[in-house]
Structures are given as C-alpha cells and as structure tokens.
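In the UniProt record's numbering, the protein residues as written are 1 to 363.
Report on one structure; see the data block that follows.
If you want it as structure tokens, here you go:
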C-alpha cells in the first residue's frame with residue numbers, strides 16, 4: 001500500500017511541499033515513525049515527537065515550518081481528522097477475501113450473487129437471498145432466506161443476517177453482529193405486575209404468580225445505504241412492521257436496537273447504547289456510550305446525549321442532554337455543582353441546629 005506524497009496529497013485534495021516523489025507505506029505517530037512512514041502531527045502539540053522518530057515526511061497543520069522540523073516532504077491538513085479519514089482509506093488493504101465463491105461456502109441454488117462478489121469459506125447463504133455486486137463476505141457468515149444485501153457490502157467474520165432482512169448499498173458489518181433476531185416480546189394472560197406498576201407508578205394491588213406467553217416477530221429489519229454496524233451489535237426484527245435504521249447511521253460495538261425501533265439518518269450510536277422497543281429516533285442524533293432510551297418514546301432530530309444518559313421521556317429536537325434521568329446539559333451541570341455543595345451545606349445546617357439548641361426558649 002505504498003504511495004507517493006504527491007498521490008496522497010492529490011487524493012486528499014491537500015497542499016504538499018518538498019520531495020513529492022517520496023514514497024511512504026504506513027501512517028505512524030511521530031515518535032515511532034520510520035523512514036517509510038508518514039508521521040501524523042496535525043496539531044503543533046505533537047510536533048515534538050518528530051525529533052524522537054525518523055520520519056522523512058509528515059502530515060502537519062497549515063503553515064508549519066516543516067524544514068525546521070527536519071522533514072523532506074509535508075502534506076498540510078487544515079482539518080486533521082478529516083484528512084486522516086481519507087488517508088486511512090488509501091492505506092487500509094481491507095480483509096483478504098478471495099474473489100468468487102469459496103468451495104467451502106454453502107450457497108442455495110436459488111440465491112443470486114452479484115458480479116464481482118467475494119464469498120469466503122464456511123459462509124451459508126439461504127434460499128432466495130440476493131447479494132449485490134462487489135460484496136465481500138468473510139468466513140462463517142450466515143445469511144438467512146429472503147435477505148437482500150446491496151452493492152459493495154463488507155460483512156466480516158461470524159455476522160448473522162436474519163430472514164427477510166433488507167440492507168442497502170455500501171453496508172459495513174463488523175464481526176459477530178446479529179441483524180434480525182426475534183424481538184423480546186412477551187405477555188401474560190392477565191394484567192402483569194409490570195403493567196400495573198407502569199400505570200400506577202409503583203402501586204400493586206397484589207403479587208401473584210405469572211407466566212409469560214411469547215409474541216413472535218413477524219416483521220424484519222431494514223437498513224438504509226451506508227449503514228455501519230460494530231462488533232456484536234444486535235438489531236431485533238419488528239413484531240409486525242420492520243425495525244428500521246436510516247441511511248448513513250453508524251452503530252458502535254455492543255449496541256442493541258429493540259423491536260420496532262425506528263432510527264433516522266446519519267445518527268451515531270456509541271458503544272453499549274440500548275434503545276428499547278418501539279422508540280423513534282430522529283435524524284443526526286448522537287447518543288454517547290451506555291445511553292439508554294425508553295420504549296415507546298421519541299428523540300427528536302439533532303439531539304445529542306452525553307455518555308450514560310438515560311432518556312425516559314420524549315426529547316425535543318436539538319436538545320443537548322445529560323444525566324440519569326436525562327435533563328438539559330446545563331441543568332445537569334448545575335445539579336452536580338449543587339450536589340458537591342451538599343456536605344458543606346449539611347455541616348452549616350448541623351452547626352445552626354447546635355447553636356439554636358443552646359438558645360433559651362423564645363417564650
């Protein structure tokens with residue numbers, strides 16, 4: 001994956017100076033960079049590491065004095081992380097999946113495999129499945145009957161795609177993800193204790209033995225274009241209608257999406273987020289790690305929730321949330337300040353109580 005500085009700069013649409021024919025093969029942090037590495041120091045804070053390494057070329061902030069840093073070539077990155085995104089595409093060889101269908105894959109005769117697809121060993125593809133052109137499917141993936149997957153998909157080791165799941169183009173799925181498991185839906189013949197508590201906010205008329213009857217999931221899952229799933233993501237099928245993830249949405253490792261959930265476009269759901277059944281999430285929503293969303297509520301467009309926020313009620317569009325339960329971020333900050341003052345306040349109250357107890361009766 002070696003490239004010249006000229007080629008990298010052109011691919012990134014960035015300016016470059018120095019020896020543009022210099023070849024680099026890898027990206028590296030400045031202090032550990034060798035002669036064949038492109039050192040990444042897009043902020044002046046990291047420039048000191050260049051003296052510890054042996055890089056000849058680096059990606060630096062605009063206006064950096066690269067000659068004084070002992071470099072032979074430089075690429076200027078006005079927006080460092082965006083430049084890193086483009087660079088990572090150039091330098092990532094991707095998984096090694098041989099073109100065609102591996103002889104140890106099991107593909108149903110009714111399945112349709114698109115041109116240029118690469119299907120690894122021990123993959124199982126069920127009846128009436130349709131796989132798009134140039135899809136890459138790594139070993140031990142299973143795709144159940146009736147599933148449809150678009151062009152340019154990348155599905156990595158051990159992923160499970162359930163029956164009738166529909167997935168758009170340019171899908172990326174990390175190892176172990178499960179799309180289309182049954183939803184967690186159960187009911188009791190009589191009103192359950194959970195239903196009583198939700199209606200009364202804590203009061204129960206009586207406690208009695210109850211057993212659960214399973215509600216089967218008749219819906220499936222629909223994913224839009226450019227959706228990415230992290231390792232061990234779990235997306236449950238809908239009870240009647242499909243569970244839906246909008247185009248461009250990215251799910252981190254261990255995210256769980258419950259049955260009937262509707263997630264909008266271009267959302268970011270970070271690690272261990274859980275969204276309970278029938279919740280509706282708007283477009284461009286960002287949920288930090290370990291956020292939880294209650295069932296049957298909506299979270300409006302452009303909501304941002306900090307890590308471990310628990311959203312129990314509807315959240316209006318554009319709101320920035322934090323805490324358990326979720327409140328406006330500025331309110332949460334003030335609440336935490338007040339909480340830290342409580343020990344001092346308690347001490348003052350105790351001192352006042354002691355002082356007033358020594359006073360003679362007011363009568």
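Every residue gets a Cβ at the ideal spot worked out from N, C-alpha and C, and that includes glycine.
Quick caveat: nothing in here was measured; it's all calculated off a predicted structure.
Residue i and residue j closer than 8 Å at C-beta
{"i": "residue 125", "j": "residue 150", "result": "no"}
{"i": "residue 175", "j": "residue 213", "result": "no"}
{"i": "residue 238", "j": "residue 220", "result": "yes"}
{"i": "residue 114", "j": "residue 133", "result": "yes"}
{"i": "residue 144", "j": "residue 163", "result": "yes"}
{"i": "residue 288", "j": "residue 301", "result": "no"}
{"i": "residue 95", "j": "residue 1", "result": "no"}
{"i": "residue 276", "j": "residue 293", "result": "yes"}
{"i": "residue 32", "j": "residue 53", "result": "yes"}
{"i": "residue 326", "j": "residue 308", "result": "no"}
{"i": "residue 234", "j": "residue 178", "result": "yes"}
{"i": "residue 321", "j": "residue 333", "result": "no"}
{"i": "residue 216", "j": "residue 182", "result": "yes"}
Rounded separation between residue i and residue j - CA only
{"i": "residue 49", "j": "residue 60", "result": "12 Å"}
{"i": "residue 155", "j": "residue 323", "result": "35 Å"}
{"i": "residue 414", "j": "residue 210", "result": "Because residue 414 is not part of the residues shown, which for the chain are 1 to 363, the question remains open."}
{"i": "residue 170", "j": "residue 193", "result": "45 Å"}
{"i": "residue 98", "j": "residue 232", "result": "24 Å"}
{"i": "residue 258", "j": "residue 123", "result": "26 Å"}
{"i": "residue 110", "j": "residue 153", "result": "20 Å"}
{"i": "residue 222", "j": "residue 131", "result": "15 Å"}
{"i": "residue 225", "j": "residue 255", "result": "19 Å"}
Inter-residue CB distance, residue i and residue j (contact presumed, cutoff 8 Å)
{"i": "residue 252", "j": "residue 267", "result": "No, residue 252 and residue 267 are not in contact; Cβ-Cβ is about 11 Å, not under 8 Å."}
{"i": "residue 71", "j": "residue 55", "result": "7 Å"}
{"i": "residue 30", "j": "residue 39", "result": "4 Å"}
Exposure of residue i, with buried meaning 16 or more beta-carbon neighbours within 10 Å
{"i": "residue 87", "result": "buried"}
{"i": "residue 230", "result": "buried"}
{"i": "residue 186", "result": "exposed"}
{"i": "residue 76", "result": "buried"}
{"i": "residue 207", "result": "exposed"}
{"i": "residue 129", "result": "buried"}
{"i": "residue 45", "result": "exposed"}
{"i": "residue 335", "result": "exposed"}
{"i": "residue 354", "result": "exposed"}
Opposing strand residues paired with residue i [DSSP bridges]
{"i": "residue 372", "result": "Only positions 1 to 363 of the chain appear in the structure, and residue 372 is not among them; the question remains open."}
{"i": "residue 356", "result": "Beta-bridge pairing links residue 356 to no other residue."}
{"i": "residue 17", "result": "74"}
{"i": "residue 113", "result": "131"}
{"i": "residue 173", "result": "155 and 229"}
{"i": "residue 213", "result": "187"}
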